Amino acid sequence: MRRELPTPFDATPRYRVTVGDRLWTALYEPLAGIVRGAADRAARLQQGRIATYLLYSFVTLVVLLALVL
Numbered sequence: 337m338r339r340e341l342p343t344p345f346d347a348t349p350r351y352r353v354t355v356g357d358r359l360w361t362a363l364y365e366p367l368a369g370i371v372r373g374a375a376d377r378a379a380r381l382q383q384g385r386i387a388t389y390l391l392y393s394f395v396t397l398v399v400l401l402a403l404v405l
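Just add 336 to the spot in the sequence shown (first one is 1) and you have my numbering.
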């Protein structure tokens, strides 16, 4: 927790309190980075040509079919 309090001589006093969450920085920020990286890779895949996209889709379907059988 961080506090900024004005002095009695400030012409325009400003009060500010910032409360940080340790669980957020320890758990959610790394998870958000992983999700952001996966989304960037997916976006890069989607910006290609349609033939490349269809090839990726076909390969994914073949791999999934191989896993099921």
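Positions of the beta carbon are idealized from the N, C-alpha and C atoms, including for glycine.
In this text the structure is predicted, and so the values were computed from the model without any measurement.
Three-state secondary structure assigned by DSSP to residue i
i	result
Thr361	helix
Thr354	strand
Arg385	coil
Residue nearest to residue i in terms of C-alpha spacing, selected from the options
i	options	result
Glu340	Ile370, Leu363, Tyr351	Tyr351
Rounded straight-line distance, which links the Cα of residue j to that of residue i
i	j	result
Ala378	Tyr392	11 angstroms
Leu363	Gln382	29 angstroms
Ala368	Arg385	28 angstroms
Pro342	Thr354	15 angstroms
Thr396	Met337	48 angstroms
Thr398	Glu365	Rather than Thr, the amino acid found at residue 398 in this sequence is Val. Their Cα atoms are separated by approximately 35 angstroms.
Arg380	Leu403	26 angstroms
Residue-chain proximity (residue i, chain C), Cβ-Cβ < 7 angstroms
i	result
Ala362	Within the model displayed, chain C is absent; a lone protein chain is all it includes.
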